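Please read the structure below before turning to the comments.
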Amino acid sequence: MSQLSAWDHPEPLALDTAPLPEYGTGSLADLLPTLAAGMGVPGMTATIGELTAADRVCVFLIDGLGWEQLRAHPDEAPFLTSLLGSSRGGTGRPLTAGYPATTATSLASVGTGLPPGLHGLPGYTVRDPGTGALMNQLRWQPYTEPRAWQPYPTVFQRAHEAGVHAAQVSSPAFAQTPLTKVALSGGSFHGRLSGEDRMDLAAAQLAAGDRALVYTYYSELDGAGHRYGIASDTWRGQLMYVDRLVQRLAEQLPPRSALYVTADHGMVDIPFDEQHRIDFDEDWELRAGVALLGGEGRARHVYAVPGAANDVLTVWREVLGGQFWVASRDEAIEAGWFGRPGECDERVYPRIGDVIAAAHDDVLIIASEREPKESALVGNHGSMTPAEQLVPLLEVRS
253 MSQLSAWDHP
263 EPLALDTAPL
273 PEYGTGSLAD
283 LLPTLAAGMG
293 VPGMTATIGE
303 LTAADRVCVF
313 LIDGLGWEQL
323 RAHPDEAPFL
333 TSLLGSSRGG
343 TGRPLTAGYP
353 ATTATSLASV
363 GTGLPPGLHG
373 LPGYTVRDPG
383 TGALMNQLRW
393 QPYTEPRAWQ
403 PYPTVFQRAH
413 EAGVHAAQVS
423 SPAFAQTPLT
433 KVALSGGSFH
443 GRLSGEDRMD
453 LAAAQLAAGD
463 RALVYTYYSE
473 LDGAGHRYGI
483 ASDTWRGQLM
493 YVDRLVQRLA
503 EQLPPRSALY
513 VTADHGMVDI
523 PFDEQHRIDF
533 DEDWELRAGV
543 ALLGGEGRAR
553 HVYAVPGAAN
563 DVLTVWREVL
573 GGQFWVASRD
583 EAIEAGWFGR
593 PGECDERVYP
603 RIGDVIAAAH
613 DDVLIIASER
623 EPKESALVGN
633 HGSMTPAEQL
643 VPLLEVRS
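Okay, so the sequence shown: first residue is 253 according to the working numbering, each after it adds one.
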C-alpha cells in the first residue's frame with residue numbers, strides 16, 4: 253500500500269519543475285546527426301554546436317554510465333575522469349539522455365537521431381495500439397514487424413548511402429535483434445565477445461575508410477548496477493574495467509579521428525522497503541481504473557480503461573504527486589518530455605500512457621506479481637533526475 257492516506261497527500265509537483273531533456277541542442281538524439289553532418293552526410297544537421305567535425309568518428313556507448321556516477325568514482329575510473337573536461341566539446345558539460353532514460357529508448361534516439369516521440373520507442377514497455385497488449389521494446393516481446401514499428405532510417409544507413417564507412421562492433425548476440433535493426437543498422441555489423449576485441453576492431457574499422465562512423469557498445473556495467481547496485485564492489489569493478497577499455501581504444505585511434513564516450517542513462521539505487529517501493533499490485537487506489545501498467549518503476553506509462561483516464565490522473569496525482577511528476581499524455585507531450593514541445597508522431601501517440609509518472613524522489617512503483625524480476629532490481633533508472641538523465645560525452649582526438 254502507498255504510505256499516505258487519502259486525506260494526507262502532499263501538494264503535487266508542478267510539471268514545469270521537471271528538468272527536461274535538451275532535445276534539439278544537447279540530447280542523445282542530437283549526437284549522430286551532428287557527427288554525420290561534420291562528415292558531409294546529406295540531410296544531417298549539427299545541432300550540438302560545441303562539437304568539432306572529424307573525418308573518422310567512433311561512438312562508444314557504455315550502458316548505464318551516468319555523468320553523476322562517473323564523477324563520483326575518480327579512483328575507479330582515472331582515465332575517464334581525466335577526460336571530464338573534454339565533455340561536450342570541451343565545455344565540461346553532459347548531454348541529456350531523453351525521456352524515459354532507458355536503454356531501448358536511448359539506443360533508438362542515438363541510432364535514428366530522433367527523439368522518442370518520433371522514433372516511437374517511448375518506454376521499456378508500452379501498449380501496442382494494434383493489439384492492445386504491452387510490448388517490451390528491449391526484448392521485442394511479443395514480436396511485431398520492426399520496420400512497421402520504427403520506419404525511419406538510421407543515421408548509419410544514411411551515412412553508408414553517402415559513402416561513409418559505417419560499422420557497429422558489439423556482442424554477437426545483438427547482431428540480428430529487432431532493436432538493432434530499427435536503431436543501429438546500416439553498414440556492417442561485427443560481433444566480438446570480449447571488450448578488448450571490440451576495442452581493437454573498432455579502431456580497425458575507423459581506419460578502414462577516409463570517412464568512417466563506428467559504434468561500439470558495452471552492457472555489463474548496467475547489468476552489475478541493476479543486480480547489485482552502484483554502491484557495490486561488482487559495479488565498481490566493472491567501472492574499472494570500462495576505464496581500461498576506453499584507454500585501450502583511445503590509444504589506437506587512427507589519424508583524423510574523434511572518439512566520443514557516452515551512455516544511455518545513469519542509475520540510482522532504491523532501498524528495499526515500502527516507503528521507497530510502492531507496490532502497484534497491492535495498492536487498490538493506484539489500480540483503480542487501470543487496464544495496463546507499462547514502463548518501469550521510475551518511468552510509468554499508465555493505460556486507463558475507457559472513460560477513466562481523468563479519474564486515474566487525479567488519483568495518481570493525489571497519491572504520488574509529491575514524489576512523482578504525474579502528467580496526462582497531452583501534458584507530457586506539450587511540455588516536451590518525448591521531444592520538443594508538441595513533437596509526437598501520430599503512430600506514436602497511442603503508445604504513450606494516458607497517464608505518465610516520472611519519479612522525483614528515490615522511489616519506485618513496482619509490480620511484485622506482474623513484474624517480479626524488475627521489482628527485485630537494486631539499481632533503477634528511467635526518470636528525469638540528473639542521476640538518471642545526464643550522460644557524459646567525453647572526447648579523445650588523434
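From the three backbone atoms N, C-alpha and C, an ideal C-beta is built for every residue, glycine too.
These numbers come from a predicted model, not from an experiment.
Do the segment 437 to 452 and the segment 278 to 292 meet, that is, are 3 or more Cβ pairs less than 8 Å apart? no
By Cβ distance below 7 Å, which residues in the same chain neighbour D613 in space, the five residues on each side in sequence not counted? Q575
With 16 other CB atoms within 10 Å as the buried threshold, where does R649 fall? exposed
Pull the bridge partners of N388 from the DSSP assignment, please. T377 and Q393
Would you decide whether S254 is buried or exposed? Buried here means 16 or more other CB atoms lie within 10 Å of its CB. A caution first: S254 carries a pLDDT of 43, below 50, which makes its placement in the model too unreliable to give a value.
Taking DSSP as the reference, what is the three-state secondary structure of D606? coil
If you follow the beta strand (DSSP E) that A419 is part of, which residue opens it and which one closes it? H417 to S422
Need the endpoints of the alpha helix (DSSP H) that W577 sits in, please. Premise fails: W577 lies in the beta strand (DSSP E), F576 to S580, not in any alpha helix (DSSP H).
V542 - DSSP class collapsed to helix/strand/coil: strand
In angstroms with no decimal places, state the Cα-to-Cα distance between A214 and Y470. A query on residue 214 cannot be resolved here, the shown segment of the chain reaching from 253 to 650 and no further.
Euclidean distance between Cα positions of E537 and L265: 19 Å
Which same chain residues end up closer than 6 Å to M492 when comparing Cβ atoms and leaving out the 5 residues on each side of it in sequence? E328
With 16 other Cβ atoms within 10 Å as the buried cut-off, status of G605: buried
Other residues of its chain near E640: CB distance less than 8 Å, five sequence neighbours each side excluded: G318, A349, A353, H517, G518, M519, V520, R550, H633 and G634
Would DSSP call D474 helix, strand or coil? helix
Excluding the five sequence neighbours on either side, which residues of its own chain have a C-beta within less than 7 Å of the C-beta of L373, listed in chain order? A356, T357, A360, Q389 and Q402
If contact is defined by three or more beta carbon pairs under 8 Å, each pair taking one atom from either stretch, is the segment 607 to 625 in contact with the segment 523 to 539? yes
Buried or exposed, going by whether 16 or more other CB atoms sit within 10 Å of the CB of G384? exposed
Hey, could you find the ends of the alpha helix (DSSP H) F441 is sitting in? No alpha helix (DSSP H) holds F441; the beta strand (DSSP E) holding it covers S440 to G443.
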